[in-house]
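In the UniProt record's numbering, the protein residues as written are 1 to 233.
Heads up, the thing below is written out as structure tokens.
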Ligand code: SF4
């Protein structure tokens, strides 16, 4: 992408961050489809298909990004495959790391996720994400302000400086009641692990059930100092 295009996107993001500050999810996604045409992608960890269900109403053949780390629960892979069946027009973009889990184990030693989870996330999530996002003008995430204290100020539209594209968070302002109401009202797919108490689902070695009275992301890297993958930093 040329610097000119990057600067154009930055201006678009800065204007929209003001104009769409109070936008509904539907308004934010309609704007995204109108503004970026085919050059946007929806990120999903396949915990549920709420964001995807909203996005296909704006663009039925939208691209959906899944970080295929090699460490997912079988239920998460099953949810991804079910999404492809329920929404046949969309395209799942599986972003792969440079190495398989076995190759990483051989190069770095086993269980890197225990010894150095930041490096493991960099290799298996952040680098594949950045490589994929480089092909788009905007990405859409399901980050919500109520997810965790670190996410309390999430804007609807912002400039993603690190990745050099526009970032849209259409459901940033949604409460848990709105979110669960949308799932119930629209019969949206949900990863079966959610009903077992996994309220924020990532890679299997780094995901536990959320403890009662804690935020949804408390089960991620539980017992370790890490709280974020580095995807939204
Ligand atoms: Fe590795 Fe855990 Fe990060 Fe997945 S969440 S990439 S297993 S450290």
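For glycine and all other residues, C-beta sits at the position ideal for the given N, C-alpha and C.
Given the structure is predicted, the values throughout are model-derived calculations rather than measurements.
**Asked** Using a Cβ-Cβ cut-off of 7 Å (strictly less than) and excluding sequence neighbours within five positions of residue 172, which residues of its own chain qualify?
**Response** Here the set comprises 143, 144, 145, 154, 155 and 156.
**Message:** So, under 8 Å CB-CB, residue 159 and residue 43 are touching, yes? Tell me the CB distance rounded to an integer number of Å.
**Reply:** That pair is no contact at about 17 Å.
**Request:** Find the nearest neighbour of residue 207 within the set 219, 196 and 213, judged by alpha-carbon distance.
**Result:** For the residues 219, 196 and 213, the minimum Cα distance to residue 207 belongs to 219.
**Message:** Suppose you measure from the CA of residue 127 to the CA of residue 97; what does that come to, to the nearest Å?
**Reply:** Linking residue 127 to residue 97 through their CA atoms gives a straight-line distance of about 7 Å.
**Inter-residue CB distance, residue 122 and residue 227 (contact presumed, cutoff 8 Å)** = Rounded to whole angstroms, the Cβ separation of residue 122 and residue 227 is 15 Å, and the two are not in contact under 8 Å.
**Message:** Taking the alpha carbon of residue 251 as the reference point, which residue from 161, 192 and 64 has its own alpha carbon closest?
**Reply:** Limits of the chain in this structure are 1 at one end and 233 at the other, which puts residue 251 out of reach.
**Request:** Name the two residues that bound the continuous alpha helix (DSSP H) containing residue 35.
**Result:** Its alpha helix (DSSP H) spans residues 25-36.
**Request:** Would you list, in sequence order, the uninterrupted alpha helix (DSSP H) runs of no fewer than 4 residues that lie entirely inside the segment 79-153?
**Result:** Correct list: 101-108, 112-115, 117-121 and 127-133.
**Request:** Would you mind working out which of 93, 20 and 124 sits nearest residue 102, comparing C-alpha positions?
**Result:** Closest by alpha carbon: 124.
**Message:** Which same chain residues end up closer than 8 Å to residue 71 when comparing Cβ atoms and leaving out the 5 residues on each side of it in sequence?
**Reply:** Answer for residue 71: 101, 113, 124, 203, 204, 205 and 206, listed in chain order.
**Request:** Look at the alpha carbon of residue 217 and the alpha carbon of residue 141, and state the distance between them as a whole number of angstroms.
**Result:** In this structure, the CA atom of residue 217 is about 16 Å from the CA atom of residue 141.
**Asked** Curious, which full-length alpha helix (DSSP H) runs of at least 4 residues does the segment 166-210 contain?
**Response** Counting whole runs of 4 or more residues, the segment 166-210 contains the alpha helix (DSSP H) stretches 176-186.
**Prompt:** According to DSSP, which residues form a beta bridge with residue 64?
**Reply:** The partner list for residue 64 (beta bridge, DSSP) reads 42 and 92.
**Asked** Between residue 192 and residue 31, what straight-line distance do the alpha-carbon atoms span, to the nearest angstrom?
**Response** Taking C-alpha positions only, residue 192 is separated from residue 31 by approximately 32 Å.
**Prompt:** Any heavy atom of the ligand SF4 closer than 6 Å to the Cβ of residue 142?
**Reply:** The ligand SF4 never approaches residue 142 closely enough for any of its heavy atoms to be under 6 Å from the residue's Cβ.
**Prompt:** Would you say residue 85 touches the ligand SF4, meaning its beta carbon is less than 6 Å from a heavy atom?
**Reply:** No; taking the cut-off as 6 Å, the Cβ of residue 85 has no heavy atom of the ligand SF4 nearer than that.
**Message:** Classify residue 8: buried if its beta carbon has 16 or more other beta carbons within 10 angstroms, exposed otherwise.
**Reply:** Result: exposed.
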